[in-house]
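Residue numbers (my numbering), protein chains in the order written: chain A, 2 to 506; chain B, 2 to 147.
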């Protein structure tokens, strides 16, 4: 009952004209950014964040804008996946498997509208999940002290290494580099300057916006430089534009099941939309068994990953809002946005800033409806935008990035720093380091050090406080599990290889 | 190969940074950890990772050709020039130049690139500075506003 009251209050905030306008704008831009191959939700959120800040939007409006962009990207990624066979963002890879075959069979319109519907089901179920579980978790998390927080953040970081899989050492190293980058600047407890090299521009630390834009926009542009193909021919949308009732019934349960699994995966730190959509697809393929034509244009193979990736995007807001520990690169950027406004996310946010939290949650419902309504009739317009040539698109991205960075401090030093970080990020990507781990580390950096030092202040230097309570012990066990996980997986893969080797002999 | 190179560079970097970090000392302090321990801990962990990369290098799939490297350098170069001209020249001319130059690099033809440069400089200035209230440098057009 209390939750319903808060939700009503949230709708009150989300339905204010400026917030509705921002949700509409964010949904539109998000769809475009998500659709353009190479640009994903992180890029969209990173590009709009400095603008939102420079425009002086109030925090709840800025957050609503960013969340609408995030959702919009998950909707947009499927358009290029279906029409071009190129995933618009990483989470849409699984959508190409059945989406593109459907488009080639002349069913592009059906595929697009049905996947929009699946996305809608996915996000709506997950948003309901946020309404149900986030306040509970927040209530429970109030009991967390600095030591618990420190261990929780260690867990979030090791989760990345344990779940993302194939290169755990590089993932953990990237997160550590992010943590180290966050130590640059004046130390908040003692006032000592660290790693500033006597530069005035660095004395305040490296601005979050500069890191995000440098790492994601600039390095992305350098990657786009490598693609030689440009202006691909999209499959024409012809024939029936809307799915019919029979087709909807066929995928209904698939979408609901995938939404539930996507939501659960999304709430785990580290496992984002990419893993959720892949797991949903594999699951549905197994459930369908021999009746499915997966890979050749099965509607269920289209609905499953779309529902799952949207659900996980909403689910990943839970740890960010309730614990203040983001679970994905994009929510890490949103957390950074909140700290720009001097708001510390965490369990107390639900009590102290209900307008922000519940306004955001309500705007997810509204954004979803906007996206569904916008996506079905406007799909022709969006698909035409896919043919914008790179020589217009790339300079535009660079200029918007530059303006965004310049808007923070109005110094050219920041622009150069952004480019330097971009080159650094490009090199790391070339070396297979995941940048989302780095940004997660960077966002958590200050929080982690503060909590560690606060915990040790409480115990006056006694390290035992870090594993003194049952919560910390449980979390350390999970950390250990995450650390040995890649080892176990490697060992099992080796065992399997040996069996197949033996069979071959 | 590249993994080994990268690992050794990071190892050296960590050693250098650790030397710097060793000097962080608070004149007086009431917290038991101090500003030095945490950066040193991180550097030690990164160094351990670099050692792992030295011992067990992985195979990289996407390597650059000479031509691609040149293009990447050109792109970084033009962005740097843009950054340095941003304030002295002002937003409109520097953006027009950067748009045209980068457009050429990304395979546009000269005339359309020049047109898009001029349009982008003017329109984006109007959008950001006049409409959205994000202050941008005027540079050489400073004399127009007295």
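By construction, the Cβ of each residue, glycine as well, lies at the ideal position given by its N, Cα and C atoms.
* Residue range of the alpha helix (DSSP H) that residue 91(B) falls in? -> Per DSSP, residue 91(B) lies in no alpha helix (DSSP H) segment and is marked neither H nor E.
* **Proximal residues of chain A, C-beta to C-beta of residue 142(B) below 8 Å** => Here the premise fails: no neighbours, minimum Cβ distance about 17 Å.
* Asked: residue 226(A): which of 482(A), 465(A), 392(A) sits nearest, CA to CA?
  -> Here the closest residue by C-alpha is 392(A).
* Does the separation of the CB atoms of residue 265(A) and residue 480(A) fall below 7 Å? -> Residue 480(A) sits away from residue 265(A), with the two beta carbons spaced by 7 Å or more.
* In terms of alpha-carbon separation, which member of 35(B), 101(B), 53(B) lies closest to residue 456(A)? -> Comparing Cα-Cα distances from residue 456(A) to each of 35(B), 101(B), 53(B), the minimum goes to 35(B).
* Mind checking whether residue 11(A) and residue 477(A) have CB atoms under 7 Å apart? -> No. Outside cutoff.
* Could one say the Cβ of residue 392(A) lies closer than 7 Å to chain B's Cβ atoms, at least one of them? -> Residue 392(A) has a beta carbon lying within less than 7 Å of a beta carbon in chain B.
* chain B contact for residue 66(A) (CB, 7 Å cutoff) -> Chain B has no Cβ within less than 7 Å of the Cβ of residue 66(A).
* Under 7 Å between C-beta atoms, does residue 119(B) make it to chain A? -> Closer than 7 Å: no.
* Cβ-based contacts, 9 Å cut-off: residues of the region 10 to 21 of chain A near chain B -> Against chain B - using a Cβ distance shorter than 9 Å - the region 10 to 21 of chain A contributes no residues.
* Asked: If you draw a straight line from the alpha carbon of residue 231(A) to that of residue 200(A), how long is it in whole angstroms?
  -> Bear in mind that a pLDDT of 49 at residue 231(A), under 50, signals an unreliable position, so the model cannot answer this.
* Check whether the Cβ atoms of residue 126(A) and residue 279(A) lie closer than 7 Å to each other. => Cβ distance not < 7 Å, so residue 126(A) and residue 279(A) don't count as in contact.
* To do: Output, in chain order, the set of chain A residues within a Cβ distance shorter than 7 Å of residue 72(B).
  => Going along chain A in sequence order, the residues near residue 72(B) (Cβ under 7 Å) are 226.
* Asked: Among 171(A), 413(A), 302(A), 289(A), which one has its Cα closest to the Cα of residue 58(B)?
  -> Nearest C-alpha to residue 58(B) among 171(A), 413(A), 302(A), 289(A): 171(A).
* Straight-line gap, residue 243(A) to residue 77(A) (C-alpha atoms, nearest Å) -> About 17 Å.
* Asked: How far does the alpha helix (DSSP H) with residue 134(B) in it reach, from first residue to last?
  -> From DSSP, residue 134(B) is part of no alpha helix (DSSP H); its letter is neither H nor E.
* Asked: From what residue to what residue does the alpha helix (DSSP H) around residue 463(A) run?
  -> Counted as a single uninterrupted DSSP element, the stretch harbouring residue 463(A) is not any alpha helix (DSSP H), since DSSP gives it neither H nor E.
* Rank 80(B), 44(B), 28(B), 95(B) by C-alpha distance to the C-alpha of residue 416(A) and give the top, closest one. => Of 80(B), 44(B), 28(B), 95(B), the residue nearest in Cα terms is 80(B).
* **Contacts that residue 82(B) makes with chain A (C-beta to C-beta distance below 7 Å)** => Within 7 Å Cβ-Cβ: nothing; residue 82(B) doesn't reach chain A, min ~10 Å.
* To do: Specify, as a first and last residue, the run of the alpha helix (DSSP H) that residue 90(A) falls within.
  => Looking at the DSSP string, residue 90(A) is not in any alpha helix (DSSP H), and its letter there is neither H nor E.
* In terms of residue numbering, what span does the alpha helix (DSSP H) encompassing residue 361(A) cover? -> Residue 361(A) -> alpha helix (DSSP H) spans 355 to 376.
* **Local conformation of residue 77(B) per DSSP, three classes** => Here residue 77(B) carries a helix assignment [DSSP, helix/strand/coil].
* Asked: What first and last residue would you give for the alpha helix (DSSP H) that runs through residue 417(A)?
  -> From DSSP, the alpha helix (DSSP H) with residue 417(A) extends over 413 to 431.
* **Test item: CB-CB of residue 56(A) and residue 27(A) under 7 Å** => Contact annotation: residue 56(A) and residue 27(A) have beta-carbon atoms that are not nearer than 7 Å.
* **residue 102(A) to residue 144(B) span [Cα, whole Å]** => When rounded, the separation of the alpha-carbon atoms in residue 102(A) and residue 144(B) is 60 Å.
* Asked: So residue 9(B) packs on residue 41(B), CB below 8 Å; how close in whole Å?
  -> Not quite, the Cβ-Cβ distance comes to about 20 Å (not below 8 Å), so this is no contact.
* Relative to chain B, which residues along the region 452 to 481 of chain A have a C-beta separation below 9 Å, given in chain order? -> Listed by position, the residues of the region 452 to 481 of chain A near chain B (Cβ gap below 9 Å) are 453, 454, 455, 457, 458, 460, 461, 462, 463.
* Using alpha carbons as the reference points, say which of 29(A), 59(A), 163(A) lies closest to residue 356(A). => Among 29(A), 59(A), 163(A), the Cα nearest to that of residue 356(A) is on 59(A).
* Can you tell me which of the three DSSP states residue 110(B) falls into? => Of the three classes helix, strand and coil, the one that applies to residue 110(B) here is coil, per DSSP.
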